[in-house]
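Residue numbers (the numbering used here): 1254 to 1447.
For glycine and all other residues, C-beta sits at the position ideal for the given N, C-alpha and C.
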């Protein structure tokens, strides 16, 4: 079994099977990255597929000494953000997500209902952040990218990524404080003790 670096080198040399192996390895993270931004399954699949097409066309520019995943996620993220910006679908995507969550939902115990409502409100708050804040939060927390991978995916130095992440979290906390004060941890603890 070849390591990622060797597979990437073979793909750069035109080996179709090597590129197919990279696609198989990273199709799920690519889809998840796109979905977190566009919030529509079909659109996320289109974005992920287009990202692989663009990655294939740009393989000559890929540095095989670097990990493939952050490079690919940068392409996915840019395409997904362009899709959202270009179509002015940001608000519409949030509404589609809410409708999708509601379809087929069967009430379960109170804790599940509360957790679902809390998650929906957090998603809503994230959706109200600007696209740069969303991008750094999605990569770092929802895709579990390391700081280095996030830095590569965003094409920014690690220090810039850290400060952007810090500011994004601060803005998210402020939005939640303002709109959903009951989501604050100390409020949640007092509800469970009551």
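The stretch 1268-1281 touching the stretch 1383-1390, judged by at least three CB pairs closer than 8 Å: Because the criterion of three Cβ pairs below 8 Å is not met, the stretch 1268-1281 and the stretch 1383-1390 do not touch.
Whether residue 1334 touches residue 1384 by CB criterion (8 Å): Against a cut-off of 8 Å, the Cβ pair of residue 1384 and residue 1334 comes out as a contact.
Rounded C-alpha distance that separates residue 1393 from residue 1293: For residue 1393 and residue 1293, the distance between alpha carbons rounds to 20 Å.
Beta-carbon gap between residue 1329 and residue 1261 smaller than 8 Å: Cβ atoms of residue 1329 and residue 1261: not closer than 8 Å.
Neighbourhood of residue 1327 by C-beta distance below 8 Å, restricted to the same chain and skipping five residues each side: Around residue 1327, the same chain offers 1405, 1406, 1407, 1408 as residues with beta carbons nearer than 8 Å, after the five sequence neighbours per side are excluded.
Closest residue to residue 1429 among 1297, 1417, 1382, 1413 (Cα-Cα distance): Of 1297, 1417, 1382, 1413, the residue nearest in Cα terms is 1382.
Pair within 8 Å by beta-carbon distance, residue 1308 and residue 1325: Less than 8 Å divides the Cβ of residue 1308 from the Cβ of residue 1325.
Given residue 1302 as reference, the closest of 1317, 1279, 1269 once Cα atoms are compared: Of the listed residues, the one whose Cα sits closest to residue 1302 is 1279.
Enclosing alpha helix (DSSP H) for residue 1426 [first to last residue]: Residues 1411-1432.
Pick from 1402, 1321, 1285, 1426 that is closest to residue 1377, judged by C-alpha positions: Taking the Cα of residue 1377 as reference, the smallest distance to any Cα among 1402, 1321, 1285, 1426 is reached at 1426.
DSSP state of residue 1390 mapped onto helix, strand, coil: The answer is helix: DSSP assigns residue 1390 an H, G or I state.
Contact belief for residue 1321 with residue 1257 at Cβ below 8 Å, rounded distance in angstroms: With 8 Å as the limit, residue 1321 and residue 1257 qualify as a contact, their Cβ atoms being about 6 Å apart.
Neighbourhood of residue 1297 by C-beta, 6 Å cutoff - its chain only, sequence neighbours within 5 removed: The answer, listed in chain order, is 1284, 1287, 1288, 1291.
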